[in-house]
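Enquirer: Numbering (our numbering), first residue to last: 6 to 281.
Each residue gets a CB set at the ideal place from its N, CA and C atoms; glycine is no exception.
#1: Can you give me the C-alpha to C-alpha distance between residue 257 and residue 251, rounded to a whole angstrom?
#2: Curious, which full-length beta strand (DSSP E) runs of at least 3 residues does the segment 24-111 contain?
#3: Using a Cβ-Cβ cutoff of less than 6 Å, which residues in the same chain neighbour residue 249 once the five nearest sequence positions on both sides are dropped?
#4: For residue 134, which of 148, 47 and 280 has the nearest alpha-carbon?
#5: What are the residues that DSSP puts in a beta bridge with residue 199?
#6: Is the distance from the Cβ of residue 228 to the Cβ of residue 264 below 9 Å?
#7: Just reading off the alpha helix (DSSP H) that residue 125 is part of, what are its end residues?
#8: With a Cβ-Cβ cutoff of 9 Å, do residue 96 and residue 132 count as a contact?
#9: Quick test of the definition: if touching needs 3 or more C-beta pairs under 8 Å, does the segment 160-175 touch the segment 135-142?
#10: According to DSSP, is residue 165 helix, strand or coil?
#11: For residue 215, tell me which candidate among 279, 118, 93 and 92 has the shortest Cα-Cα distance.
#12: Using 8 Å as the threshold, is the segment 57-65 in touch with the segment 18-28, meaning 3 or more CB pairs across them?
#13: Per DSSP, what kind of secondary structure is residue 270 in: helix, strand or coil?
#14: I need the straight-line Cα distance from residue 230 to residue 12, nearest angstrom please.
#15: On the DSSP letters alone, give me the boundaries of the alpha helix (DSSP H) that residue 189 sits inside.
#16: Taking buried to mean at least 16 other C-beta atoms within 10 Å of its own C-beta, is residue 56 buried or exposed?
#17: Quick check on this structure: which residue in 44, 43, 38 and 30 has the alpha carbon closest to the alpha carbon of residue 52?
#18: Flag this pair as yes or no: are the beta carbons of residue 199 and residue 180 separated by less than 9 Å?
#19: Are there 16 or more other CB atoms within 10 angstroms of the CB of residue 267, so buried, or fewer, so exposed?
#20: Write down the C-beta distance between residue 120 and residue 112 rounded to the nearest angstrom, noting that I regard them as a contact closer than 8 Å.
#21: In three-state DSSP terms, what is residue 141?
#22: Between the C-alpha atoms of residue 151 and residue 158, what's the straight-line distance to the nearest angstrom?
#23: Identify, in the order they occur along the chain, each residue of the same chain with its Cβ nearer than 7 Å to the Cβ of residue 36, setting aside the five sequence neighbours on each side.
#24: By a C-beta neighbour count over all protein chains shown, 10 Å radius and 16 as the cutoff for buried, is residue 212 buried or exposed?
#25: Please identify the residue among 261, 235, 217 and 277 whose C-alpha is closest to the C-alpha of residue 118.
#26: Answer yes or no: do residue 298 and residue 275 have a C-beta to C-beta separation smaller than 9 Å?
Put into structure tokens, the structure is as follows:
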């Protein structure tokens, strides 16, 4: 398999106007030509990614890998070297629907709607880069989360949505939802958790689940999220380190907009208890 992959690498390099020379251990190749200084391209992660893919995917995989290596040749860090990339790792939270191909990014699901992606500097990490690191993907993501906590502070504002008090927390980077993990650093978090909406990757609005007023808060937050047309139009429940969807649909009945809420069973039990 390595022979076939190396043949593809040679063909693609040639088509780009380069001569390539493989390292003896197969862990890298050196591109020469096109008036550039020679460029060393790491291959460990590419080989791992190719091992997970069907052979018919290899030509595109190889072409993208070499094109990316050339496009990022001027970066001041080597993303394939965890010692260099590690301090620069951060997270970016996106809607699953907004990610063109989840197999071409590194991340994990926060829930069915949202994914927490790994970034290095201003861009997303590619699987072939993370595949060079001596740690699993989950550990790299944990490192990125720790970097966010150490380097970023949320800006806290207390506002109202049509009379309902909520807290708006704004992050410096596109990782506001990542910081739900230490929300208690910024405000009291009741035992039953908080409601959350995410207007954009930098912002979240939260309301405590601490009384029957939470039903009105769901309505206010859902309407606000729908109007912003941002990261997600839905309301979520942060509880027990999990971000759970509270299904709330705005429907028209007899010419009037109404909110139809279908809470998950555990949250429904909390609502029943709070109503007593």
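Expert: Taking the definition as stated:
#1: 19 Å
#2: 24-27, 33-38, 41-47 and 94-100
#3: 242 and 269
#4: 47
#5: 213 and 243
#6: yes
#7: Segment 119-125 is the beta strand (DSSP E) holding residue 125; no alpha helix (DSSP H) there.
#8: no
#9: no
#10: strand
#11: 279
#12: no
#13: helix
#14: 51 Å
#15: Residue 189 -> no alpha helix (DSSP H), and no H or E assigned at all.
#16: exposed
#17: 30
#18: no
#19: exposed
#20: 5 Å
#21: coil
#22: 12 Å
#23: 18, 23, 25, 43, 44 and 46
#24: buried
#25: 235
#26: In the structure as shown, the chain begins at 6 and stops at 281. Residue 298 is therefore absent and cannot be evaluated.
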